[in-house]
């Protein structure tokens, strides 16, 4: 089973979004659940990023909300 680890920046952003937009709680929870099950599920639209975020990935958590993530190497993961 996959596990997610959350950076301090994600935790701060998540808390801020929940104060501003509590209606997004279900969208974010569903996206995180899908990430654990299958990070490349079609609903997430997971894709590599370019530019200064090169090496990171992003997935959709709603119409106007994206989650940026890093997928560790084989040695980091296992």
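In this note's numbering, the protein residues as written are 68 to 145. Glycine is no exception: its CB is placed at the ideal position from the N, C-alpha and C atoms.
Based on DSSP bridge pairs, tell me the residues matched to residue i.
| i | result |
| --- | --- |
| residue 125 | 114, 135 |
Assign residue i to one of two classes, buried (16 or more other C-beta atoms within 10 Å of its C-beta) or exposed (fewer than that).
| i | result |
| --- | --- |
| residue 78 | exposed |
| residue 98 | buried |
| residue 71 | exposed |
| residue 96 | exposed |
How many Å lie between residue i and residue j at the Cα?
| i | j | result |
| --- | --- | --- |
| residue 82 | residue 75 | 11 Å |
| residue 87 | residue 119 | 27 Å |
| residue 122 | residue 116 | 7 Å |
| residue 89 | residue 106 | 24 Å |
Can you check which of these residues, the options, is closest to residue i by C-alpha distance?
| i | options | result |
| --- | --- | --- |
| residue 130 | 104, 137, 93 | 93 |
| residue 139 | 124, 133, 132 | 124 |
| residue 114 | 136, 103, 104 | 136 |
| residue 73 | 108, 103, 110, 118 | 103 |
| residue 69 | 91, 101, 134, 80 | 101 |
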